[in-house]
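So for the sequence shown, numbering that gives the first Met the number 0 puts the first residue at 0; every next one is plus one.
Everything on this sheet refers to the single structure shown next.
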Amino acid sequence: MNRPYPVWMKNIMHDTPEAASVIRKLWIGETDRFREHLLRLDPASRANRFGTPVTDYFIEKYATKALGPDSVVHGFFVDGTLRGCAELRVSADHVSNEAEAAFSIEQPWQHVGVGSALMGRTILAARNRSIRKLYMNCLSHNHPMQAIARKYEADLRFEANDVVAEITNPRPDPLSLFREFMADGYSFATAILDAQSRMLKAA
Numbered sequence: 000m001n002r003p004y005p006v007w008m009k010n011i012m013h014d015t016p017e018a019a020s021v022i023r024k025l026w027i028g029e030t031d032r033f034r035e036h037l038l039r040l041d042p043a044s045r046a047n048r049f050g051t052p053v054t055d056y057f058i059e060k061y062a063t064k065a066l067g068p069d070s071v072v073h074g075f076f077v078d079g080t081l082r083g084c085a086e087l088r089v090s091a092d093h094v095s096n097e098a099e100a101a102f103s104i105e106q107p108w109q110h111v112g113v114g115s116a117l118m119g120r121t122i123l124a125a126r127n128r129s130i131r132k133l134y135m136n137c138l139s140h141n142h143p144m145q146a147i148a149r150k151y152e153a154d155l156r157f158e159a160n161d162v163v164a165e166i167t168n169p170r171p172d173p174l175s176l177f178r179e180f181m182a183d184g185y186s187f188a189t190a191i192l193d194a195q196s197r198m199l200k201a202a
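Next comes the structure, spelled out in structure tokens:
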């Protein structure tokens, strides 16, 4: 599988209608697409996502509950296929102003700006939900993800073989809310067109 060319990476950032790629939120009915994406991850990418090697069975169980009310998941789609995800989850102790972020990107689309674009969407979603502290755990050798975290001014803390990135968000304002509202409107339209396209192919 060929790596995407930089010329169409511009479309990832701008979400233009003619783009072969788009970043949008996943909806509750897209669990199968989320699971299939995780199953396509190579062993190293799986370990980077979950902090340890995981089996197909683990992914099957994880995916069934991933798109719940306590999460916001953005997906990176290429020609209608989910190739990367950013998951925003409320912390386990249910502290309302803290959340955790996790990222998974299939190998051919790594190191071309997808992770950075997904991180930006995740930070915006967290800010608009009044999440002040956003945490991300990654393995100590996952330098690309650490570089992305630094780009967004995260504080990095090394713990054993892990690195914890902490991002402090400002409070939401009308502009930040409007940015997410506009992105959601485009995402919904794109999802409808994608669903219609898949139905026509299946007919």
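C-beta atoms are modelled at their ideal positions from N, C-alpha and C, and glycine is treated no differently.
Residue state for K24 is assigned as strand, using DSSP reduced to three classes.
For Y134, the uninterrupted beta strand (DSSP E) segment begins and ends at 132-138.
In the displayed model, R156 falls within a strand according to three-state DSSP. Taking the C-beta atoms as reference points, G79 is found no nearer than 8 Å to L25. Take M181, set aside five residues on each side of it, and no residue of its chain has a beta-carbon closer than 6 Å to its own. About 14 Å separates the beta carbons of E99 and M144, which is beyond the 8 Å limit, so they are not a contact pair. Taking A43 as reference, the option from E35, L37, P52, D183 with the minimal CA-CA separation is P52.
Distance from the CA atom of E59 to the CA atom of R34, rounded to whole angstroms, is 7 Å. Taking the Cα positions, R149 is about 8 Å away from L155. Where D161 is concerned, the enclosing beta strand (DSSP E) starts and stops at 161-167.
Setting aside the 5 residues that flank it on each side, R88 is surrounded in the same chain by D69, S70, A98, E99, each with a C-beta closer than 7 Å to its C-beta; the list follows chain order. A check of alpha carbon separations from V72 across R39, I27, N127 identifies I27 as the nearest.
The criterion of a C-beta distance shorter than 8 Å is satisfied by R126 and P171. Counting only residues of its own chain and dropping the five nearest sequence neighbours on each side, D55 has a CB closer than 8 Å to the CB of L38.
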